Each structure stands twice: as C-alpha cells, then as structure tokens.
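Asks:
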Amino acid sequence: MTIYGGGPFRIYGNLYVSGSIYFGNTVYVEGSIMAGGTINFTGWDNRFNANSAVCIYSATGDIHLTTASTTATGIVYAPNGTVYLAGNTLTFYGSIVGYQVSGIPGNLTMGEPSEPIDFLPGSGTTTIKLVE
Numbered sequence: 001m002t003i004y005g006g007g008p009f010r011i012y013g014n015l016y017v018s019g020s021i022y023f024g025n026t027v028y029v030e031g032s033i034m035a036g037g038t039i040n041f042t043g044w045d046n047r048f049n050a051n052s053a054v055c056i057y058s059a060t061g062d063i064h065l066t067t068a069s070t071t072a073t074g075i076v077y078a079p080n081g082t083v084y085l086a087g088n089t090l091t092f093y094g095s096i097v098g099y100q101v102s103g104i105p106g107n108l109t110m111g112e113p114s115e116p117i118d119f120l121p122g123s124g125t126t127t128i129k130l131v132e
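The structure is reproduced here in structure tokens:
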C-alpha cells in the first residue's frame, strides 16, 4: 500500500495491510498500524496523538519512523526487522522493540507510560516476561 501526496493522511483506528505500507506524506496517527512487511514513514511532520496509545507493528519487515518534535505513547514493534528512528525531538512513553534498533533522532527521550497501555495483555498489572 502506498499513500502519497495531498494533505496529511490521518489514521483514527486500526490499519492492517498484509504487505508493506509506504507513507510518502505526513501522517497523523491515533490508533494502530499493522503490516506483514515493512512500514515506512517518510513525511517530514509525522505526529501521534499524545493522549492516546499507538501501536506500530511489522510482522516480518522493518519500521522506518521519521518524526518532527512529537510526543507519543505506545509500542513500536518489529520482532524480525530493524526499527530505524530519524527526525527531530521524539519523546516516547512505552517500548520501541526490534530485532535491531538503529538511528537516533536529534533528541530521544524514553519513559514509561503514565497510564497502562490498554491494548497490551495484562494492562494495569505488573508483569515480567522472557523475550526471546
């Protein structure tokens, strides 16, 4: 799936694609983006709703995430790929997980969410799990 041109592409809810997703323009996300392949954000002003948890998941590919001075809460997960981070200031409350994580934005601040992320199993309780 390729989305390119025009104004910002806004996602309210869930977007699932069995292949790869290429966002060639600015994206505003409030929900989940899931793909079987690579997810590529190339817009210069990508933003996430700071008041709502986001989930960006690639089953087998990489995630290329470029942000512009944004704050986000949630999870970025590419268990079989690399998460590439680029852009300006990113404040992220949650987890960024990949087979590899590469590239650092101009200023990256990581922290734990102030509220449980409701789409994760066991939300609201403290759990410890082995990640292999």
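Residue numbers (UniProt numbering): 1 to 132. For glycine and all other residues, C-beta sits at the position ideal for the given N, C-alpha and C. Predicted model, so just to flag it, every value in this text is computed and none were measured.
Please classify GLY87: does DSSP put it in a helix, a strand, or coil?
Replies: As a position in the sequence shown, residue 87 is number 87, starting the count at 1. The answer is strand: DSSP assigns GLY87 an E or B state.
Asks: Just verifying my parser: in three-state terms, what is the DSSP assignment at GLU30?
Replies: For this step, residue 30 is matched to residue 30 along the sequence shown. In the structure shown, GLU30 sits in a strand (DSSP, three-state: E or B).
Asks: Let me see if you follow: with CB-CB separation under 9 angstroms, is ARG47 close to chain B or not?
Replies: This model lacks chain B altogether, as it is built from one protein chain only.
Asks: Could you give the DSSP three-state label for THR109: helix, strand or coil?
Replies: In the sequence shown, residue 109 corresponds to position 109, counting from 1. For THR109, the three-state secondary structure derived from DSSP is strand.
Asks: Tell me whether PRO8 is buried or exposed, calling it buried when 16 or more other Cβ atoms sit within 10 Å of its Cβ.
Replies: Position 8 of the sequence shown, counting from 1, holds the residue named residue 8. Exposed, since its Cβ has fewer than 16 Cβ neighbours within 10 Å.
Asks: How far does the beta strand (DSSP E) with GLY103 in it reach, from first residue to last?
Replies: Taking the first residue of the sequence shown as position 1, residue 103 is located at position 103. GLY103 -> no beta strand (DSSP E), and no H or E assigned at all.
Asks: One question on the structure: do GLY31 and ILE21 come within less than 9 angstroms of each other, judged by their Cβ atoms?
Replies: Numbered from its first residue, the sequence shown carries residue 31 at position 31. Numbered from its first residue, the sequence shown carries residue 21 at position 21. For GLY31 and ILE21, no; Cβs fall outside 9 angstroms.
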